[in-house]
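Enquirer:
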Amino acid sequence: MSRQMKFRIWDVQALRYLEEAVMWSVAKVPDELLPGQPPFVPFFTLALHSPDSKYAVEQWTGISDKDGTEVYEGDILSIPNDRNHCVRYSAVLARWQLAVTTTMDIDGLNSGAETLWAFYDTGTVIGNVHQNPELLFS
0 MSRQMKFRIW DVQALRYLEE AVMWSVAKVP DELLPGQPPF VPFFTLALHS
50 PDSKYAVEQW TGISDKDGTE VYEGDILSIP NDRNHCVRYS AVLARWQLAV
100 TTTMDIDGLN SGAETLWAFY DTGTVIGNVH QNPELLFS
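Take 0 as the starting number for the sequence shown in numbering that gives the first Met the number 0 and just add one per residue.
#1: Using the DSSP secondary-structure output, state which residues sit across from Gln-96 in a beta bridge.
#2: Look up Glu-69 in the DSSP assignment and say whether it is helix, strand or coil.
#3: Give me the DSSP bridge partner(s) of Asp-64.
#4: From Ala-112, Ile-8, Arg-2, Asp-81, pick the residue whose C-alpha is nearest to that of Gly-61; which is it?
#5: How should Val-91 be labelled, buried or exposed, when 16 other C-beta atoms within 10 angstroms of its C-beta is the threshold for buried?
#6: So, does the CB of Ile-78 fall closer than 8 Å to a CB anywhere in chain D?
#7: Could you spell out the range, first to last residue, of the alpha helix (DSSP H) harbouring Val-21?
Rendered as structure tokens:
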């Protein structure tokens, strides 16, 4: 059984998602960033190890919303008869969570965050935390 891994990268300075061709293009590695590594790696690798938070690497959750749109970390889901929620990963609980803010503690079982699996088939991706943060408060 294989598992498909997908990512997207938000460029914090340019305020846009990088195109897939850029993500997988080859880039020169600064010596101080990845010592002992090959001199050229996929740009994606540099974004993951960027010390200045210039890039936000977001993973696909492996599921799609009710309309078939792929759900990524950082997406905002509209849940019927509920608030809008931000998709975040809890390393403590090892699952995708729905939080009502981007800073909400999602790691405790009593945090108030819901598991993404409970709502993905009724929710709709309406934006993301970079381009539409105001949607978390509507």
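Every residue gets a Cβ at the ideal spot worked out from N, C-alpha and C, and that includes glycine.
Expert: Once the coordinates are examined:
#1: Arg-87, Thr-114
#2: strand
#3: Paired residue(s): none; Asp-64 is not in a bridge.
#4: Arg-2
#5: exposed
#6: Among the chains in the structure shown there is no chain D, since it carries only a single protein chain.
#7: 19-22
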